[in-house]
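Engineer:
Residue numbers (this note's numbering), protein chains in the order written: chain P, 13 to 199; chain X, 2 to 51.
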């Protein structure tokens, strides 16, 4: 588990929906206990994005399942994405594409960009816990800690991702530069 | 964070102390079954479309 001083005490944690999906579908929820214990012990409030709630509870198909899933995640605070977050998510997806032109639309999900937008918005006040390390490029964000969870003989890599001001500014600068490059090429 | 979110965060910290991890993990078993069912139905629908 990460050291207790890895993140500022009482900073918040945002959970990627994939953690909860892995935890529930793998039928080895107990394996994830240390992660939640770390968060609770260090006073990190646990957030879920409203878009994650949609991923987890949406398409439930009947009221019983809907109620069960809603209740299951009800202990987490729901963080609502704002218009600026959606804008930031759109910009981030463009950064990702600039940094890796081979990426296609299916590889960059709106939800993942919304998580990243929260890191950009709240900076050192929030960090992300995800089960897919590849969704958050290290050219923009820091992977502060990795935990390997043995999940039904499969290894699930849980990463703690945080904002890095220097990397963010560098990505912004590269993005602005790309406009100049294209303008010059058209002259 | 703005005041509204700070307020929410403060409330959340209080709630965090009450976070019932045992219940959450216990409830995850049935949640997993529902999520798997959703996934299965979605796959079946996709196959049917192909």
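Glycine included, every Cβ here is placed at the ideal spot set by N, Cα and C. Here the structure is a predicted model, which means the values were calculated and not measured.
(1) Report yes or no: do three or more beta-carbon pairs, one from the region 26 to 43 of chain X and one from the region 64 to 74 of chain P, lie closer than 8 Å?
(2) Near residue 92 of chain P, which residues of its chain fall below 6 Å by C-beta distance, leaving aside the five closest residues on each side in sequence?
(3) Measuring alpha carbon to alpha carbon, tell me which of P:40, P:20, P:187 and P:165 ends up nearest residue 106 of chain P.
(4) Please list the partners that residue 127 of chain P has in chain X, where partner means a Cβ-to-Cβ separation under 8 Å.
(5) With 9 Å as the C-beta to C-beta threshold (strictly closer), list the residues of the region 26 to 46 of chain X near chain P in chain order.
(6) List the residues that DSSP assigns as beta-bridge partners of residue 168 of chain P.
(7) Hey, is the region 159 to 179 of chain P in contact with the region 27 to 47 of chain P, meaning 3+ C-beta pairs nearer than 8 Å?
(8) If you compare alpha carbons, which of P:56, P:48, P:124 and P:37 is closest to residue 81 of chain P?
(9) By the DSSP assignment, the beta strand (DSSP E) with residue 115 of chain P in it spans what residues?
(10) Taking DSSP as the reference, what is the three-state secondary structure of residue 103 of chain P?
(11) To be precise: take each residue of the region 144 to 159 of chain P, compare its Cβ to all Cβ atoms of chain X, and keep it if any distance is under 9 Å. Which residues remain?
(12) Does the beta carbon of residue 52 of chain P come closer than 8 Å to any beta carbon on chain X?
(13) List, in order along the chain, the chain X residues whose C-beta lies closer than 7 Å to that of residue 21 of chain P?
(14) For residue 77 of chain P, go through chain X and note every residue whose CB falls closer than 7 Å to its CB, in chain order.
Structural biologist: In short, the structure shows the following:
(1) With the rule of 3 Cβ pairs closer than 8 Å, the region 26 to 43 of chain X counts as touching the region 64 to 74 of chain P.
(2) Along the first chain, read from residue 1 onward, the residue named residue 92 of chain P stands at position 80. Taken in chain order, the residues that qualify are 62.
(3) Start at 1 with the first residue of the first chain, and residue 106 of chain P comes out as number 94. Closest in alpha carbon position to residue 106 of chain P, among P:40, P:20, P:187 and P:165, is P:187.
(4) Here residue 127 of chain P is taken as the residue at index 115 of the first chain, counted from 1. Within 8 Å Cβ-Cβ: nothing; residue 127 of chain P doesn't reach chain X, min ~16 Å.
(5) Hits within the stretch, in order: 26, 27, 28, 29, 30, 31, 32, 33, 34, 35, 36, 37, 38, 39, 40, 42 and 43.
(6) Your numbering for residue 168 of chain P matches position 156 in the first chain. For residue 168 of chain P, DSSP records a beta bridge to P:161.
(7) Verdict: yes, contact present.
(8) For this step, residue 81 of chain P is matched to residue 69 along the first chain. Measuring from the Cα of residue 81 of chain P, the nearest candidate turns out to be P:37.
(9) The residue you call residue 115 of chain P lines up with position 103 of the first chain. Note, residue 115 of chain P: premise wrong, no beta strand (DSSP E); not H, not E.
(10) Position 91 of the first chain, counted from the start, is the residue given in the question as residue 103 of chain P. The answer is helix: DSSP assigns residue 103 of chain P an H, G or I state.
(11) Among the residues of the region 144 to 159 of chain P, none has a Cβ less than 9 Å away from any Cβ of chain X.
(12) Here residue 52 of chain P corresponds to residue number 40 of the first chain, with the count starting at 1. Yes, its Cβ sits closer than 8 Å to a Cβ of chain X.
(13) Residue mapping note: residue 21 of chain P aligns to position 9 of the first chain, counting from 1. Result: empty, since nearest Cβ-Cβ is about 11 Å, beyond 7 Å.
(14) Taking the first chain and counting its residues from 1, the one referred to as residue 77 of chain P is at position 65. Within chain X, the residues near residue 77 of chain P are 35.
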